[in-house]
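A short write-up of the structure that comes next.
2 protein chains.
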Amino acid sequence: MARVLTPQAEDFPRWYQDVIAKAELAENGPVRGSQVIRPTGWAIWERMVAEVDLRIKDAGAENASFPLLIPQSYLQREAEHVEGFAPELAVVTIGGGKELDEPAVIRPTSETVIGEFMAKWVQSYRDLPLLLNQWANVLRWEKRTRLFLRSSEFHWQEGHTAHATKDDARAYARRILHDVYEDFMVNVLAIPVVVGRKTVRERFAGATDTYTLEGLMRDGKALQMGTSHELGQNFAKAFDIGFLGGDGQQHHAWTTSWGVSTRMVGGLIMAHGDDNGLRVPPALAPVQAYVIVVKDGEGVAETAAQLHEELKAAGVRVKLDTRTDIPFGRRAVDAELRGYPVRIELGPRDLKEGNVTIARRVDGSKTPVAVGAVAKAVVEALEADQKSLHDAALAYREAHTADAATLAEAIEAAGDGFARLPWADCGVEGENEANAKGVSVRCL
Amino acid sequence: MARVLTPQAEDFPRWYQDVIAKAELAENGPVRGSQVIRPTGWAIWERMVAEVDLRIKDAGAENASFPLLIPQSYLQREAEHVEGFAPELAVVTIGGGKELDEPAVIRPTSETVIGEFMAKWVQSYRDLPLLLNQWANVLRWEKRTRLFLRSSEFHWQEGHTAHATKDDARAYARRILHDVYEDFMVNVLAIPVVVGRKTVRERFAGATDTYTLEGLMRDGKALQMGTSHELGQNFAKAFDIGFLGGDGQQHHAWTTSWGVSTRMVGGLIMAHGDDNGLRVPPALAPVQAYVIVVKDGEGVAETAAQLHEELKAAGVRVKLDTRTDIPFGRRAVDAELRGYPVRIELGPRDLKEGNVTIARRVDGSKTPVAVGAVAKAVVEALEADQKSLHDAALAYREAHTADAATLAEAIEAAGDGFARLPWADCGVEGENEANAKGVSVRCL
Ligand SMILES: [Zn+2]
Ligand SMILES: [Zn+2]
């Protein structure tokens, strides 16, 4: 097979760009830092949305929608928040042909505008907890951008909740962390994330505590896959989210916020992809089984259509490719690039013997299977490959996590994976030193 | 029952505002023309998205995502398009703390940026048709706004397709019109829309033909519920979407665009609502059955939980309300306001005789039903009420559609519904006259 992608070992960032282009996942948009997400890439995100949304609803939060534009003055009410976001704002100064009295910013995140409305909606302790989420686009002007990983506009969900007590807020921020994000990342994305807290330096602007989920990519680098923040009473004080307690007194609420974004698509690519392209975990894959006609011939089209229906009936997300005017080799390469977990190849020769070929993306195996046994074989392959992708990622992580005895050792080991070091042996001074050498303290 | 809403007959626009506030559907946002859609309103939109998205995928289009910001110069490439949208643009002039070299506009619609990418992706007739859709927020600066109906930022889907021939483009624009929009509006929204073409004056800026779906609201006024446009080769020429035909020659493609938006939520409210609030058609309703504990007592909580599970198992979207610390009357009024189709009321007295009460929102009936027969009764009620809402809307429309013999008669009749008049008897001059009297020609 001709080389389609730059090999990972040769140049990982280049491999990443190649996969995105060749699998037709995304392209740069015309305004700097913007991106066009093409159908193959967007279908992956839609599946992420569906799975995360289910879990958010199970955790009791309700979806809503807040405005894209926020009055500039809102951003200035919480001191750390304004400092954190001021350099990244896109500002609308003209609307309907006229200069605006007060400029509006495109939301970089929605704590402020949601805080304003929570203040109206929360009156008494009976209104708490208030558990809101929105799926939205946000914008943070970025100097250096990379598709999915760091783009000016990106898509995400942002959850925002208000609670009567600090304990309740903390418990909810952690519930989202574990029951929504960790569960989704481990069991659907097959990425064995490390879950922990961030250092004061790495916290979200305005948070009192930030929890993070870190995945290890196949270049030995960590990627932040999601975060959940305790905001203490910072936003509640800035936006006056107060309530009458059961004790008859006025109190400020305790708030949280939490989000995952299209950056997870980048994480998925880098955690599982190989030199032939994406490998999408079956539990996530928009196309789990790809029925592909190799060559026309007696009964081929009929059998393909029949297998397509059978697999659909078995609950498999399946796509049928009968484009025999395009060379089979090219279509097979495309299917590998896109990471479809299972390919069912039908040609007249095999079919004469009652067989088709099942090609599995994860281990690269090709096995002849009797037509009548395809549905069962596919379902089993999908389950097995979900597990083997996860186990391979876990083995890789374990092989790339070093228990360091000293800060120097940890910095050395972090060049190729995670290094585990007691915080007592690192501290803020150690963090300074590590940062200076391009190593960040990801997770406590 | 105390009066909660301004009656429709007294002041319809006021009734509309009251319902939106009291059912907690939406509120005005801080930047002029923006809106906050609250969980009850957003859940309705999510159900619309799910149903429309299914049908769009069945029609072969794929979802993608294009950028929020568009270079100002793009808007200027198609003459009618720039004229149509120039007065409504929100312009970003500052990004990342610096004045931008070229200002960017927030998309008012995405024909231009999608045209730019179609030009890259379409090379040969084999790449056609190219069938794309996106779910997105767009922004058109509006002077007078009304929640859901006319807001600066709104949510919608916009489909954009490119075809090899005019006939194919036309057929697809009509397929979307009928198989996606009309089917959804009639069979899910229970709104018997009138489907037709727009006059030249009312067309979309840049279209060669615009098809529309018009619903009749309970104040006798028509509401445009969706549109599908043939764009001819206007955008293909402006953005150079060309392809090598089977004939070996270069051709320009023929494009279409089509959309429905959160305005449909407004249409839903006004087509079915009554003086007690919303009436949501069961096929759409996010909550189809509302199990409500009237008063605690022996076995009440257990039976409520059991019915909740039974209904879920029967495929009914069900919500359980056990908040007996809030007066039952208030909770029942809220359920009416939100338009839940069926309410299952459980109290200790009825339950002693093995009964619960089924209250139906559409006809206002209340019937005692044996606990064991609830699931079946609910499923039947949902089906019957879907049909009766549709039939009532159709009867209303027919009672409010006059066959006019002259333009004067048509203008007169249009004060209270639709007037049907042969276009030959109206024409552009007649359209001028009707417009001057506040009557628009909706549909040919
Ligand atoms: Zn955990
Ligand atoms: Zn039709």
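Taken in sequence, the protein lines are chains H and X.
With the first letter of the first sequence counted as 1, position 198 gets the number 198 in the working numbering; the numbers rise by one all the way through.
With the first letter of the second sequence counted as 1, position 86 gets the number 1086 in the working numbering; the numbers rise by one all the way through.
Glycine included, every Cβ here is placed at the ideal spot set by N, Cα and C.
This one's a predicted model, so the numbers in the text were calculated from it and none came from an experiment.
query: Simplified DSSP assignment, three categories, for X:PHE1472; result: The displayed coordinates of chain X run from 1001 to 1444. Any statement about residue 1472 of chain X would go beyond what the structure contains.
query: Test: X:GLN1017 CB closer than 8 Å to a CB of chain H; result: no
query: The region 283-297 of chain H touching the region 339-346 of chain H, judged by at least three CB pairs closer than 8 Å; result: yes
query: Against chain H: residues of the region 1227-1241 of chain X by CB proximity under 8 Å; result: none
query: Within the region 1321-1405 of chain X, ranges of the alpha helix (DSSP H) (whole runs, at least 4 residues); result: 1328-1338, 1348-1352, 1374-1399
query: Beta-carbon contacts of H:ALA434 that lie in its chain and below 8 Å, excluding the five residues immediately before and after; result: LEU407, ALA410, ILE411, ALA414, CYS426, SER440, VAL441
query: Contiguous beta strand (DSSP E) assignments of at least 3 residues, all confined to the region 1023-1090 of chain X; result: 1026-1028, 1035-1037, 1069-1071
query: Alpha helix (DSSP H) runs contained entirely in the region 260-308 of chain H, provided each spans 4 or more residues; result: 263-272
query: Terminal residues of the beta strand (DSSP E) in which H:LYS98 lies; result: 98-106
query: Span separating the alpha-carbon of H:LYS166 from that of H:VAL188; result: 31 Å
query: Contacts around H:GLY60, its chain only, beta-carbon distance under 7 Å, and the 5 residues preceding and following it disregarded; result: LEU131
query: Of the listed residues X:ARG1077, X:HIS1272, X:GLN1249, X:GLY1299, nearest to X:ASN1355 (C-alpha basis); result: X:GLY1299
query: Residue(s) in a DSSP beta bridge with H:LEU189; result: BP columns for H:LEU189 are empty, so no partner.
query: Neighbour flag for H:TRP156 against chain X, beta carbons, 8 Å; result: no
query: Host alpha helix (DSSP H) of H:ASP179 (start-end); result: No alpha helix (DSSP H) holds H:ASP179; DSSP gives it neither H nor E.
query: Buried versus exposed, by CB contacts within 10 Å (16 or more), X:ASP1321; result: buried
query: Spatially closest choice to H:VAL428 from H:GLU202, H:GLY84, H:LYS120, by CA coordinates; result: H:GLU202
query: For X:THR1161, three-class secondary structure by DSSP; result: strand
query: Beta-carbon neighbours of X:VAL1369, restricted to chain H and to distances below 8 Å; result: Per Cβ cutoff of 8 Å: no residues; X:VAL1369 is ~29 Å from chain H at best.
query: Sequence-distant residues of its chain with Cβ nearer than 6 Å to H:SER124 (five each side left out); result: PHE243, LEU244
query: Residue burial classification, H:GLU10 (beta-carbon count within 10 angstroms, cutoff 16); result: exposed
query: Beta-bridge pairing of X:THR1006 - partner residues as DSSP gives them; result: In the DSSP output, where bridge partners are listed per residue, X:THR1006 has none listed.
query: Exposed unless 16 or more other CB atoms sit within 10 angstroms - verdict on X:VAL1200; result: exposed
query: Within 8 Å, strictly: CB atoms of H:LEU466 and H:GLY196; result: Here chain H has residues from 1 to 444 only, and residue 466 of chain H is not among them.
query: Proximal chain X residues relative to H:GLU153, where beta-carbon distance stays under 8 Å; result: PRO1067, LEU1068, LEU1069
query: X:GLU1088 versus H:GLY95: straight-line alpha-carbon distance, rounded; result: 7 Å
query: Bridge-paired residues (DSSP) for X:ASN1137; result: X:HIS1155
query: C-alpha distance - H:ASP101 paired with X:VAL1082, whole-angstrom precision; result: 25 Å
query: Closest by C-alpha distance to H:ALA305, when choosing among H:ILE292, H:PRO13, H:PRO281; result: H:ILE292
query: Chain H residues whose Cβ lies nearer than 8 Å to that of X:GLU1078; result: Chain H residues near X:GLU1078: none, gap ~16 Å exceeds 8 Å.
query: Supposed contact pair H:GLY417 and H:ALA404 - C-beta distance, whole angstroms, cut 8 Å; result: Contact doesn't hold; Cβ gap of about 11 Å is too wide.
query: Continuous alpha helix (DSSP H) stretch holding H:HIS238: start and end; result: As written in the sequence, residue 238 of chain H is Ala, which differs from the His given in the question. Counting along the chain, the alpha helix (DSSP H) containing H:ALA238 begins and ends at 234-239.
query: Residue nearest to H:GLU78 in terms of C-alpha spacing, selected from H:VAL31, H:ALA236, H:TYR396, H:ASN137; result: H:ALA236
query: Inter-stretch contact at 8 Å, needing at least 3 Cβ pairs: the region 1168-1182 of chain X / the region 1265-1274 of chain X; result: no
query: Assigned exposure category for H:SER152 - 16 Cβ within 10 Å defines buried; result: buried
query: Coil, strand or helix - H:GLN123 by DSSP; result: coil
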